[in-house]
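Colleague: For the sequence shown, the UniProt record's numbering begins at 1 and goes up steadily by one.
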Amino acid sequence: MADTSPIPLLYRLFFLYIEPISAVVGAYYAAARQSDYLAYLSSAPSGAAPGPSPLPTPTRTALFQLANLYLLFALNEHLVLASTPAHRTWARLLLGLLVADLGHLATMLPLAAEKGYAEVFLRFWRWDAMEWGSVGFVYAGASMRVAFLTGAPTTVRRLFVKDSRTKAE
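The structure is reproduced here in structure tokens:
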């Protein structure tokens, strides 16, 4: 695949718009709706979550830092990938983000230890909004990155469509 061939539309839509927008939503919740954000990370039913009491300063600070990282993620992904059609640049950035996907899933291990690993990582029909964002959407992003890095849909196309440049047998 030539380094300057066009990036397929599905990848451009997902990596330039859908994923960065979802990261901005995460930043909003971590910064502006901190109690809600923390309640989503609890295994207690939402009705059992404590009322709106002031969060400790270290917790608020950590959530603001998290919001800042979500924003950094969104800006880096959009601005770097929008600046070039070079597959090598896309692949390098997406490989780094794939490593981050694995790290993000690892951050859910404490909740999984509390709720059950299958509950957090497999039983999608029982997920709440945080699990959809922190597990389901990460699965989607990681899948898209693996697809890009392995050459899909180009690889799939080569399997099913005869290349017109080859000689007929």
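Where a beta carbon is used, it is the ideal one built from N, C-alpha and C, also for glycine.
No experiment lies behind these values; they were computed from the predicted model shown.
Nearest to A91 by CA position, among L109, V146, V24 and L66, is which residue?
Modeller: Against the sequence shown, residue 91 aligns to sequence position 91. Looking at the Cα atoms, V146 is the closest of the given residues.
Colleague: DSSP state of I7, grouped into three classes?
Modeller: Reading the sequence shown from its first residue, position 7 is the one you call residue 7. Three-state DSSP puts I7 in coil, outside helix and strand.
Colleague: Ends of the alpha helix (DSSP H) at A32?
Modeller: On the sequence shown, residue 32 is found 32 positions in, with the first residue counted as 1. Segment E19 to A32, the alpha helix (DSSP H) holding A32.
Colleague: Using a Cβ-Cβ cutoff of less than 7 Å, which residues in the same chain neighbour L95 once the five nearest sequence positions on both sides are dropped?
Modeller: Along the sequence shown, one-based indexing puts residue 95 at 95. Closer than 7 Å at Cβ, skipping near neighbours: L149.
Colleague: Smallest Cα separation from G103: which of V138, R12 and P56?
Modeller: Along the sequence shown, one-based indexing puts residue 103 at 103. Taking only the C-alpha atoms, the option nearest G103 is V138.
Colleague: Going by DSSP in three states, M130 sits in which element: helix, strand or coil?
Modeller: Numbered from its first residue, the sequence shown carries residue 130 at position 130. The answer is helix: DSSP assigns M130 an H, G or I state.
Colleague: Could you tell me the boundaries of the alpha helix (DSSP H) in which W90 lies?
Modeller: Here residue 90 corresponds to residue number 90 of the sequence shown, with the count starting at 1. Counting along the chain, the alpha helix (DSSP H) containing W90 begins and ends at H87 to A106.
Colleague: Quick check on T59: does DSSP put it in helix, strand or coil?
Modeller: Stepping through the sequence shown from its first residue, residue 59 is reached at position 59. In the structure shown, T59 sits in a helix (DSSP, three-state: H, G or I).
Colleague: Suppose contacts are defined by Cβ-Cβ distances below 8 Å. Is L111 in contact with S35 by that definition?
Modeller: The residue labelled residue 111 in the question sits at position 111 within the sequence shown. The residue labelled residue 35 in the question sits at position 35 within the sequence shown. It is not a contact, given that the beta carbons lie outside the stated cut-off.
Colleague: Quick one: using the 10 Å Cβ neighbour count with 16 as the cut-off for buried, is V120 buried or exposed?
Modeller: Mapped onto the sequence shown, residue 120 falls at position 120. With 16 or more Cβ atoms within 10 Å of its Cβ, V120 is classed as buried.
Colleague: So what's S83 in DSSP terms, helix, strand or just coil?
Modeller: Taking the sequence shown and counting its residues from 1, the one referred to as residue 83 is at position 83. It is coil, neither helix nor strand.
Colleague: Ordered along the chain, which non-local residues of its own chain (more than five positions away) have a Cβ less than 6 Å from that of G47?
Modeller: Indexing the sequence shown from 1 puts residue 47 at position 47. Low confidence applies here, because G47 scores a pLDDT of 49, under 50, leaving its location unreliable; read the following figure in that light. Result list for G47: empty, nothing under 6 Å.
Colleague: Tell me the DSSP secondary structure of L41 in three-state form.
Modeller: Numbered from its first residue, the sequence shown carries residue 41 at position 41. Residue state, collapsed to three classes: coil.
Colleague: Going by CA-CA distance only, name the one from E131, T61 and A142 that's closest to D101.
Modeller: Residue numbering aside, residue 101 sits at position 101 when the sequence shown is read from its first letter. That would be A142, whose Cα lies nearest to the Cα of D101.
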